[in-house]
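Below is one structure, written out as structure tokens, with a few remarks after it.
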Amino acid sequence: MTETLNQELPCYYMVPKERVDEILAEYNPDEIVIATLTSHSSLQIFHGARKMGFKTMGITVNHDTRYFDAFPLAKPDEFVKMKDFDEIFDRSGEFADKNVVLIPHGSFVEYMGAKRFQELDIPVYGNRAVLQWESDRDMERQWITSAGVPMPRIINDARDIDQPVLVKYHGAKGGRGFFVAKDYAEFKMGIDHTQPYTIQEYVLGTRYYLHFFYSPLSSEGYKVRDGSLELMSIDRRDESNIDEMYKLGSQEDMKRQGLFPSFVVTGNVPVVIRESLLPKVFNMAENVVKRSYELFGGIWGPFCLESIVTDKLEIKVFEISSRIVAGTNPFISGSPYADMIYPGMSTGARIAMEIKNAAETDRLGEILT
Amino acid sequence: MTETLNQELPCYYMVPKERVDEILAEYNPDEIVIATLTSHSSLQIFHGARKMGFKTMGITVNHDTRYFDAFPLAKPDEFVKMKDFDEIFDRSGEFADKNVVLIPHGSFVEYMGAKRFQELDIPVYGNRAVLQWESDRDMERQWITSAGVPMPRIINDARDIDQPVLVKYHGAKGGRGFFVAKDYAEFKMGIDHTQPYTIQEYVLGTRYYLHFFYSPLSSEGYKVRDGSLELMSIDRRDESNIDEMYKLGSQEDMKRQGLFPSFVVTGNVPVVIRESLLPKVFNMAENVVKRSYELFGGIWGPFCLESIVTDKLEIKVFEISSRIVAGTNPFISGSPYADMIYPGMSTGARIAMEIKNAAETDRLGEILT
Amino acid sequence: MTETLNQELPCYYMVPKERVDEILAEYNPDEIVIATLTSHSSLQIFHGARKMGFKTMGITVNHDTRYFDAFPLAKPDEFVKMKDFDEIFDRSGEFADKNVVLIPHGSFVEYMGAKRFQELDIPVYGNRAVLQWESDRDMERQWITSAGVPMPRIINDARDIDQPVLVKYHGAKGGRGFFVAKDYAEFKMGIDHTQPYTIQEYVLGTRYYLHFFYSPLSSEGYKVRDGSLELMSIDRRDESNIDEMYKLGSQEDMKRQGLFPSFVVTGNVPVVIRESLLPKVFNMAENVVKRSYELFGGIWGPFCLESIVTDKLEIKVFEISSRIVAGTNPFISGSPYADMIYPGMSTGARIAMEIKNAAETDRLGEILT
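Chains A, B and C supply the protein sequences, listed in that same order.
Numbered continuously in this note's numbering, the first sequence closes out at residue 489.
Numbered continuously in this note's numbering, the second sequence closes out at residue 489.
Numbered continuously in this note's numbering, the third sequence closes out at residue 489.
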């Protein structure tokens, strides 16, 4: 595995795997501390880690962490307060002394910056090489589509708009920087030409955020390569203000009043998908995992395919998140899917279980980068 | 019970109850195998059956069953692959040798065809006589309304349309073959006169898919006839593309672009209903059960009243499903309702519990047809 | 605590705390009976009380209670049938003899009337002084905003309407008596000048009904004053017909047909909120609790902040309910939040646990009024 990583990763700025392995060589596998940034899905990560018997550490950068007092089963054993994200670099020795393993999540990577996150000389769960494939929309698309998984079509020339489209400004985050145009006229009205943007087909359908977990350590279950693929849960995001805007009247009328739809994630609702779609769902996830090994050494641990199901029961993936997503937060005590694998287990606990298994079998080097 | 069935059933093509009883006479009640088609709610059915200690069998007809590998607690002990649905007939002897009890679900009945499903000489859980009452919209309406349960009003002459209506083509399945018309003009625009259709009142309100279970074997709880009525859970269906179409703008604008709403079920969301509606909800279900015994020997096991609650807190039932619905799939480990009866129990497990109780008390003949 | 209550409460018509304490002095703390009106969230209250080992009593006034037969783990040990709500006054001695503690919920207070509920000489869980602050919209607003918690802006003169507004007639209950106007013209079209009303800003965003519990008896967790603040769960209400009206087409078209949106609560859906909003969420709840002690002796037990999250991630509270809300009903067996405090615990069970703790430590007088 280590060899594979070294051969395939274009890791020009990522901390070298050898360096991570050197650090790990000094770790006491019985004393691993699970650490993450106190936001996003950290309650779940700490809760799961505690369940699996780990000590936990909450990293804070101007975060208000008092809310952890309210959740005693999820409160980390220790908070480490930083003045900024650079301080993590200065304190990596301290983290190593404490046998810290970092769990990445969307906010951790976003606030730190993908590049800086890759440079951290602290062992991280998952393959950090994925970050450069995710942070660039073209590379992300190349990965997903070359895996044979359909994505919404890209429209290169706005004059070709002949159906509703989603216009995404580059660097759009957390649901800001999008707009929907029903036709070319609306596109022209809405577009800000000073920013780079991408136009893609607006796929009509219902959204399912599919939370997978790929374990290279497990040889049972749904076998992919030498590991196994699991579906832990499914959610749908709540977005403000789009998800309740219809209550006010038509968007057309709203726009006349200067009110425009926005897509800022504010929460999550649990859902299940039609069972007959599961073969397709697993097939997509399998191909994405396999292709990731070909391209950059693989993804493992939790990942999410953010998908739309059309009324023809086609599934299109509009985004991938190669780590735990906040959409797993409704499932602190299991889900309709997890309960058919590990009753009562959250994705956070699944991560901890994986690290525990690796620590007990001396395979930490295979899942930490 | 058996006598009642024979007297009341107009079972002109259904396998005779005597034949089923003959087959059952050879069964070893300690070795019952729970079997169903690998789709729809089969994960839940197998998961529940295993929980209750049964062996399980997945019947496949060109199904991709690999996803079962991902759910070890739900994977059937055995798959039986068929080249088509007719093969089940040829192999009924083999099924009998294995003490197989078939669990019907929506896809099993739909793909096989109600008529063929009734002809199967393999013991089936539930009353197969219900199929002819369900597959004909007029008979279904007669059953429900003669039970005193309100349904959306039928409009016989399109020229009488004076409110929003739902137009259903006969044989519409899985959410296809419907359209909504707000008035007569829209009806005329949308209608395809080459197909038979029904026009019914479009009831404005919120939908609740009420998952009941009627046990003729239990004498406790909410007593109906000699058995008991249970509410196991409630869901709301997700339909593509109607459930997210509003995000794009008004339907009027969409239609101008050739985009029309559709109602294809893609998943399910858990819900609960206002507690003060429960007396009415139970009363409706009770009347439907009682009427079913008068008309065709009864329904037992899981059934679903698909209902709309108006802003006057009236409930109208727009459809009945007389078997397990996929809307129970969010509730693999219980529901807010099931947990007040049998903590942690799914409808799939409830079915298995019923068969287990019947097998242990030599009453299988009362619940299998 | 008792002293504080006596000093601060403007309890001109409420049963005096001394009288409640006199009644409590005769109670056998080992034989407390948990009682409530059989509606709203009573299944959950009884279910939770039974879990904690209490006897339970269902109070009925022309209620159909047969549905409790269907939920054996929630069925009260006893029903007490009344011909009207006044009869409770006549029978308070009987209730005292049985060591009854009343649990208030929205329907109990609404049907009895806040004033009458305050006069009841039966020990009630929670501070009844809150009722006068809640039943008057101006006082409610004064409490919440003086706690530093933002609410939707009030528009005093309809001619100042320059954005969508919500018009609430006084005494509007259960989602009736509201309407939305997008501008002044719509306001003029819709308004009934014969009724008093309030105009407030319509806040665009997604709704989160935040279910808190404040325990003055607990000294652990998220400490507020001498007690602790807990977040038990979050739901979103289903409202008929607004939540499915969009399926029919635009509201503008609907209105032309005489179909108007309405906001009658028919059920509840479980949700979780973005983790990064929790510090703000707890801060709001803390300030509301603290302010309640300054104004009227405090709120304790369950309360709900009904909030909207905008696309700027601002949170506005549009209403407070100072007792258990029906939105906790999806969480009979725990929630993603409760499971990080007390695994598997409902708000109903939390109430019972609080009363049990108080009974065991001789502190019932601090939580009953």
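Backbone N, C-alpha and C define an ideal beta-carbon position, used for all residues, glycine too.
Check	Outcome
From which residue to which residue does the alpha helix (DSSP H) around B:Phe451 run?	Careful: B:Phe451 lies outside any alpha helix (DSSP H) and carries neither H nor E.
Which word fits B:Thr156, buried or exposed, when buried means at least 16 other C-beta atoms lie within 10 angstroms of its C-beta?	buried
Just the C-alpha distance for C:Asp206 and C:Lys137, rounded to the nearest angstrom, thanks.	21 angstroms
Which same chain residues end up closer than 6 angstroms to B:Leu251 when comparing Cβ atoms and leaving out the 5 residues on each side of it in sequence?	Ala234 and Gln238
Counting C-beta neighbours from all protein chains within 10 Å, is the total for A:Arg376 16 or more, i.e. buried, or is it exposed?	exposed
Does DSSP classify A:Pro530 as helix, strand or coil?	Any answer about residue 530 of chain A is impossible in this case: the structure gives chain A only from 121 up to 489.
C:Phe209 and A:Arg186 look like a contact to me (Cβ under 8 angstroms); what is the Cβ gap, rounded to whole Å?	No, C:Phe209 and A:Arg186 are not in contact; Cβ-Cβ is about 45 angstroms, not under 8 angstroms.
Among the candidates B:Tyr147, B:Arg273, B:Pro272 and B:Asp258, whose CA atom is the shortest distance from the CA of B:His290?	B:Asp258
Spatial neighbours of A:Ala446 within its chain, please: C-beta separation below 6 angstroms, excluding the five flanking residues on both sides.	His160 and Ser161
Kindly provide the ranges of any beta strand (DSSP E) runs that are 3 or more residues long and lie completely inside the region 139 to 179 of chain A, ordered along the chain.	153 to 157
Is the CB of A:Val429 under 8 angstroms away from at least one CB in chain B?	yes
Strictly below 9 angstroms CB to CB, what residues from chain B border A:Pro390?	Val389, Pro390 and Pro450
Is A:Gln315 closer than 8 angstroms to A:Pro272 when the C-beta atoms are compared?	no
With a threshold of 8 angstroms between beta carbons, is C:Asp303 in contact with chain A?	yes
Note down, in chain order, all residues in the region 325 to 347 of chain B with a beta-carbon under 9 angstroms from any beta-carbon belonging to chain C.	Gly325, Thr326, Arg327, Tyr328, Glu340, Gly341, Tyr342 and Lys343
Going residue by residue through the region 382 to 450 of chain A, where are the continuous alpha helix (DSSP H) segments of at least 4 residues, counting only ones entirely within it?	398 to 416
Can you find a C-beta in chain C that's less than 8 angstroms from the C-beta of B:Ile208?	no
Terminal residues of the continuous beta strand (DSSP E) containing A:Gln377?	It is not in any beta strand (DSSP E) - A:Gln377 carries neither H nor E in the DSSP assignment.
Return no unless some Cβ of chain A is closer than 8 angstroms to the Cβ of C:Pro422.	no
At 7 angstroms on the CB atoms, spell out the chain A contacts of C:Ile419, in chain order.	Those within 7 angstroms of C:Ile419 in chain A number zero; the least Cβ separation is about 17 angstroms.
Taking C-alpha atoms, which residue in C:Ser466, C:Tyr457 and C:Ile461 lies nearest to B:Met460?	C:Ser466
Just to confirm the assignment, what range does the alpha helix (DSSP H) spanning C:Tyr304 have?	Tyr304 to Gly310
Can B:Leu488 and B:Pro243 be called in contact, C-beta distance under 8 angstroms?	yes
Is it right to say A:Asp431 is buried, meaning 16 or more other beta carbons lie within 10 angstroms of its own, or is it exposed?	buried
For a test of the three-state rule: what should DSSP assign to B:Arg357, helix, strand or coil?	strand
Short of 7 angstroms Cβ to Cβ, which residues in the region 134 to 164 of chain C face chain B?	Ser159, His160, Ser161, Ser162 and Leu163
What does B:Leu398 reach in chain C if we use C-beta pairs closer than 7 angstroms?	Tyr187
Which residues of chain B have a Cβ atom closer than 8 angstroms to the Cβ of A:Glu474, listed in chain order?	Result: empty, since nearest Cβ-Cβ is about 16 angstroms, beyond 8 angstroms.
Determine, for A:Arg394, whether the minimum Cβ-Cβ distance to residues of chain B falls below 8 angstroms.	yes
Excluding the 5 residues preceding and the 5 following B:Glu198 in the sequence, name in chain order all residues of the same chain whose CB lies nearer than 6 angstroms to its CB.	Met177
I need the straight-line Cα distance from C:Phe383 to C:Gly297, nearest angstrom please.	9 angstroms
Looking at A:Thr180 and A:Lys195, is the spacing between their C-beta atoms short of 8 angstroms?	no
To the nearest angstrom, how far is it from the Cα of B:Arg170 to the Cα of B:Leu193?	8 angstroms
Checking contacts by CB at 8 angstroms: is A:Pro506 closer than that to chain B?	In this structure chain A extends from 121 to 489, so residue 506 of chain A is not present and cannot be described.
Rounding to the nearest angstrom, what Cα-Cα distance links A:Phe332 and C:Arg356 in this structure?	26 angstroms
Of all the options A:Leu484, A:Pro224, A:Asp189 and A:Ile264, which has the alpha carbon lying nearest to the alpha carbon of A:Leu491?	What is shown of chain A runs 121 to 489, which leaves residue 491 of chain A out entirely.
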